[in-house]
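Using the working numbering, you'd call the opening residue of the sequence shown number 4 and step up by one each time.
Glycine included, each C-beta is placed from N, C-alpha and C at the ideal position.
Quantities reported herein were computed from a predicted structural model and do not represent experimental measurements.
What follows is one structure encoded as structure tokens, with my remarks underneath.
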Amino acid sequence: MSEGGKYGPLGAGHNPAKDPLKGLRGVMSGTLIMQAISVLLGLTVVTRIPDGQINQTFSVTYITILGLALIAMAFLQKQPWALKANIVLQVFGVLAIFTHVSMGVVGIFFALVWAYILHLRKNLIQRMERGLLTTQHS
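This is the structure:
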């Protein structure tokens, strides 16, 4: 480390030619599409629930709106508020456990995926600040 441990051995470097966060936004968009497919496939489970266990109309409406919101957010990843909206959608995904247990499992699984994506994003930003990306020194 040079300059008091702030930068890597090659120094701060320059801004990367290609924005690495743009690639991460693509990963987030793809994850949202995969999650939307999984959520909307959950409609087949919820519609087979015998009447009387859960309000089926509410469950179908909730899952449909959640799936459509996930698809819409996949196309809005360039917006500055998109990351916060993604996290809010994950909360609603976990709350889908009230529609059916299997929907809650899907919500928890994707919440863990998003926790990992946020970890990768934090790591990438730290590496960019320290000049440790290969593209900063080419």
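| query | Between Gly-33 and chain C, is there a C-beta pair that is closer than 8 Å? | reply | The question asks about chain C, but that chain is absent: this structure has only one protein chain.
| field | Buried or exposed by the 16-neighbour rule on C-beta atoms within 10 Å, applied to Thr-60 | value | By one-based count along the sequence shown, residue 60 stands at place 57. Here Thr-60 is exposed: its Cβ has fewer than 16 other Cβ atoms, across all protein chains shown, within 10 Å.
| said: Let me confirm a value: Thr-47 is counted as buried when at least 16 other C-beta atoms fall within 10 Å, else exposed. Which label applies? | reply: Stepping through the sequence shown from its first residue, residue 47 is reached at position 44. Sixteen is the threshold: since fewer than 16 other Cβ atoms of the shown chains lie within 10 Å of the Cβ of Thr-47, the residue is exposed.
| request: Name the residue from Arg-51, Thr-34 and Val-42 whose alpha carbon lies nearest to the alpha carbon of Tyr-65. | output: As a working mapping, residue 65 is identified with position 62 in the sequence shown. Per the C-alpha coordinates, the member of Arg-51, Thr-34 and Val-42 positioned closest to Tyr-65 is Val-42.
| request: Please list, in chain order, all residues of the same chain as Gly-70 whose beta carbon is under 7 Å from its beta carbon, the five residues on each side excluded. | output: As a first step, residue 70 must be located in the sequence shown, where it is residue number 67. Excluding residues within five positions, the ones whose Cβ falls inside 7 Å are Ala-39, Val-42 and Leu-43.
| said: Does Asn-89 come out as helix, strand or coil in the three-state DSSP assignment? | reply: Mapped onto the sequence shown, residue 89 falls at position 86. DSSP places Asn-89 in helix when its eight states are reduced to three.
| Span separating the alpha-carbon of Thr-102 from that of Gly-110 | Sequence index remark: in the sequence shown, residue 102 carries index 99 (1-based). Sequence index remark: in the sequence shown, residue 110 carries index 107 (1-based). Spanning the two alpha carbons is a distance of roughly 11 Å.
| Counted within 10 angstroms of its Cβ, other Cβ atoms place Ala-77 as buried (16 or more) or exposed | Stepping through the sequence shown from its first residue, residue 77 is reached at position 74. Around the Cβ of Ala-77, a 10 Å sphere holds 16 or more other Cβ atoms; the residue is buried.
| query | In whole angstroms, what is the alpha-carbon distance linking Ser-32 and Gly-134? | reply | Walking along the sequence shown from the start, residue 32 turns up at place 29. Walking along the sequence shown from the start, residue 134 turns up at place 131. In a straight line, the C-alpha of Ser-32 is about 26 Å away from that of Gly-134.
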